[in-house]
Amino acid sequence: MITRKRLTAGVGITLATLAAGLGTAIPAAADEAPAAPSPKVELVLDVSGSMRTRDIDGQSRMAAAKQAFNDVLDAVPEQVQLGIRTLGADYPGEDRKVGCKDTRQLYPVGPLDRTEAKTAVATLAPTGFTPIGPALLGAADDLEGGDGSRRIVLITDGEDTCGPLDPCEVAREIAARGTHLVVDTLGLVPNAKIRQQLTCIAEATGGTYTAVQHKEELSGRVKQLVDRAAEPVVTPVATEGAKSCSGAPELKPGLFTDRSEIGQHRWYRVDVLPGQELRASASVAADRAVDNDYGVLLRAVTTHGREIVRGSEAGTGRTDAISSGLRYPKPETEDGDDGDGDGKPAAETVCLQLAHSFSAPASVKRSPGLPVELTVDLVDGPDNASDVAAFGLGRGWWLLGVLVLTGLVAGLLTGWLSRWRVAVWRTN
60 MITRKRLTAG VGITLATLAA GLGTAIPAAA DEAPAAPSPK VELVLDVSGS
110 MRTRDIDGQS RMAAAKQAFN DVLDAVPEQV QLGIRTLGAD YPGEDRKVGC
160 KDTRQLYPVG PLDRTEAKTA VATLAPTGFT PIGPALLGAA DDLEGGDGSR
210 RIVLITDGED TCGPLDPCEV AREIAARGTH LVVDTLGLVP NAKIRQQLTC
260 IAEATGGTYT AVQHKEELSG RVKQLVDRAA EPVVTPVATE GAKSCSGAPE
310 LKPGLFTDRS EIGQHRWYRV DVLPGQELRA SASVAADRAV DNDYGVLLRA
360 VTTHGREIVR GSEAGTGRTD AISSGLRYPK PETEDGDDGD GDGKPAAETV
410 CLQLAHSFSA PASVKRSPGL PVELTVDLVD GPDNASDVAA FGLGRGWWLL
460 GVLVLTGLVA GLLTGWLSRW RVAVWRTN
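For the sequence shown, this note's numbering assigns the number 487 to the last residue and increments by one with no breaks.
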């Protein structure tokens, strides 16, 4: 009897303890922030007959696309729900009505099973038509539902062959739904008509067009777009650069878009406080037919025209966008005062000059200018700012000094040994 009472009392105490623990745990769980909605991405792959062409690093376009897909599937972030849709993969005949409906979801949008997805891609073989419009409509339906970001990545080597359903009009229809679905396009052939159609599709939904001709470029760009879907979306702010620094708009940290005509320089202004580091980058895209061999230059100069630091890059027609960037750290002031007695450090106005060397045939339209994307950021500067951006050498001054000293010592030793050998030869 006593044992039974003790057992009953023990059970009662245990239940009371659990109830108290649950009572305190439930409110704590309720206070936790809800999980962010999962972003959705669908890769739309052209599997039409033209994908047999062998012009990408000695392989067929299909083989390069499969390898890129394997690389991408290995690197998909865990939070991304990914699917795969094909176009032109199943119907080998000549009936246009049937071939222009040839699009299907190869792998459903959801948590990724990498092995299953790779197996599905491995079975594909170039087959039929290029129904881009129907494939985009199908992909938009695949991505319905949920509050996360949604993105379609279209990879193709040609124009849509299934008119009159215009893929550009389809993209505008998708954008008009107001679902914030972005379509990015990648063209495997640098053709003017293909570029025009794929650029129109991308611009209609706020996406990007990229021409790729190598396996590494393809896999790298698709990885970048999938990763971008997992990151917070930043909406670029439209700005208009000036013809000189004096009338340039003042930019705060952020992402900006502009247009720059061929042969035109654009100027912007950024205020940098002592102890801050200015980081800026600019990209110029060729959204029309341009000549090969081009470059972009981004300079930081003072209001008096003295150059502080520059960044430049050149291209040879392999891609339709080119970027460059720079860093400028402003050292801390010794007393932290600007001389006005208010104790606040004075900001330095830095002028950013953007120039590019794109050229184009006389028949190509000059207006509107080429699309420009400019990124500006202000971060805490390094402890020793003077060695980061001086003459654009970054932190390479110490290495340059070591190389000079090494060369000097090597020269002296070589000269001494030569004189010694000559003296020995004369003696003998």
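Ideal placement from N, C-alpha and C gives every residue a C-beta, glycine not left out.
Keep in mind that this is a model prediction, so the values were computed, not measured.
Please classify residue i as buried or exposed, where buried requires at least 16 neighbouring CB atoms within 10 angstroms.
| i | result |
| --- | --- |
| histidine 415 | buried |
| lysine 389 | buried |
| leucine 102 | buried |
| alanine 174 | Note that residue 174 is threonine in the sequence shown, not alanine. The residue is exposed, with fewer than 16 neighbouring Cβ atoms inside 10 Å. |
| alanine 444 | For alanine 444, the predicted structure reports a pLDDT of 49, less than 50, and the residue's modelled location is therefore unreliable. The matter cannot be settled from this model. |
| glycine 169 | exposed |
| threonine 244 | buried |
| alanine 263 | buried |
| leucine 310 | buried |
| serine 97 | buried |
| glycine 440 | buried |
| alanine 184 | exposed |
| alanine 373 | exposed |
| glycine 460 | exposed |
| leucine 464 | exposed |
| arginine 210 | buried |
| proline 190 | buried |
| valine 481 | exposed |
| serine 305 | exposed |
Between residue i and residue j, which are expected to be in contact by the criterion C-beta below 8 Å, what is the C-beta distance as a whole number of angstroms?
| i | j | result |
| --- | --- | --- |
| lysine 177 | leucine 146 | Not a contact, Cβ separation roughly 20 Å. |
| glutamine 272 | isoleucine 115 | 7 Å |
| alanine 124 | isoleucine 260 | Rounded, the Cβ-Cβ distance is 18 Å, inconsistent with contact. |
| glycine 205 | proline 226 | Glycine 205 to proline 226, Cβ: 25 Å. No contact. |
| leucine 514 | alanine 301 | No answer is possible for residue 514: it lies beyond the span of the chain, which begins at 60 and ends at 487. |
| alanine 419 | aspartate 317 | Actually they do not touch by this definition, with Cβ atoms about 19 Å apart. |
| alanine 270 | arginine 254 | 7 Å |
| leucine 357 | leucine 314 | With 8 Å as the limit, leucine 357 and leucine 314 do not qualify as a contact, their Cβ atoms being about 15 Å apart. |
| valine 281 | valine 212 | 6 Å |
| glutamate 320 | arginine 425 | 5 Å |
| alanine 181 | tyrosine 166 | 12 Å between Cβ atoms; not a contact. |
| glycine 197 | arginine 144 | 6 Å |
| alanine 288 | leucine 240 | Their Cβ separation, rounded to whole angstroms, is 11 Å, which puts alanine 288 and leucine 240 out of contact at 8 Å. |
| glutamine 323 | valine 438 | Not quite, the Cβ-Cβ distance comes to about 30 Å (not below 8 Å), so this is no contact. |
| aspartate 352 | glycine 376 | 7 Å |
| valine 331 | tyrosine 387 | 7 Å |
| threonine 473 | cysteine 410 | That belief does not hold up - the Cβ atoms of threonine 473 and cysteine 410 are roughly 48 Å apart, past 8 Å. |
What would DSSP say about residue i, mapped onto helix, strand or coil?
| i | result |
| --- | --- |
| leucine 66 | Confidence in leucine 66 is poor, its pLDDT being 40 and thus under 50, which makes the residue's placement too unreliable to answer from. |
| aspartate 330 | strand |
| lysine 424 | coil |
| serine 477 | helix |
| cysteine 494 | Past the boundaries of the shown model lies residue 494; the chain is included only from 60 to 487, so the question cannot be answered. |
| serine 489 | As displayed, the chain neither begins before 60 nor continues past 487, which places residue 489 out of reach and without an answer. |
| glycine 82 | Model confidence at glycine 82 stands at a pLDDT of 42, short of 50, so the residue's coordinates are unreliable; what they give is reported in the following sentence. Note: glycine 82 maps to helix in three-state DSSP. |
| arginine 318 | strand |
| alanine 339 | strand |
| aspartate 286 | helix |
| valine 212 | strand |
| arginine 144 | strand |
| arginine 485 | helix |
| alanine 87 | Legend: pLDDT at alanine 87 = 43, less than 50; position of this residue unreliable, value from coordinates given subsequently. Three-state DSSP puts alanine 87 in a helix. |
| leucine 156 | It is lysine, not leucine, that sits at residue 156 in the sequence shown. Three-state result, lysine 156: helix. |
| valine 248 | coil |
| glycine 117 | coil |
| aspartate 130 | helix |
| leucine 310 | coil |
| alanine 405 | coil |
| serine 418 | coil |
| valine 139 | coil |
Using 7 Å as the threshold, is the C-beta distance between residue i and residue j below it?
| i | j | result |
| --- | --- | --- |
| leucine 257 | tyrosine 268 | yes |
| methionine 121 | aspartate 216 | no |
| threonine 186 | alanine 235 | no |
| leucine 385 | alanine 405 | no |
| arginine 328 | threonine 408 | yes |
| proline 333 | threonine 392 | yes |
| glycine 158 | phenylalanine 128 | no |
| valine 100 | valine 285 | yes |
| serine 382 | serine 342 | yes |
| arginine 338 | aspartate 436 | yes |
| valine 135 | leucine 171 | yes |
| threonine 162 | alanine 194 | yes |
| proline 312 | threonine 298 | no |
| tryptophan 326 | serine 303 | yes |
| glutamate 228 | lysine 252 | no |
| aspartate 201 | glycine 142 | yes |
| serine 119 | arginine 113 | yes |
Is there a Cβ of chain C sitting closer than 7 Å to that of residue i, yes or no?
| i | result |
| --- | --- |
| arginine 144 | Absent from the structure is chain C; it holds one protein chain and no more. |
Quiz item: Which ranges would you report for the alpha helix (DSSP H) in the segment 180 to 227 if only whole runs of at least 4 residues count?
Solution: Taken in chain order, the complete alpha helix (DSSP H) segments of 4 residues or longer contained in the segment 180 to 227 are 191 to 201.
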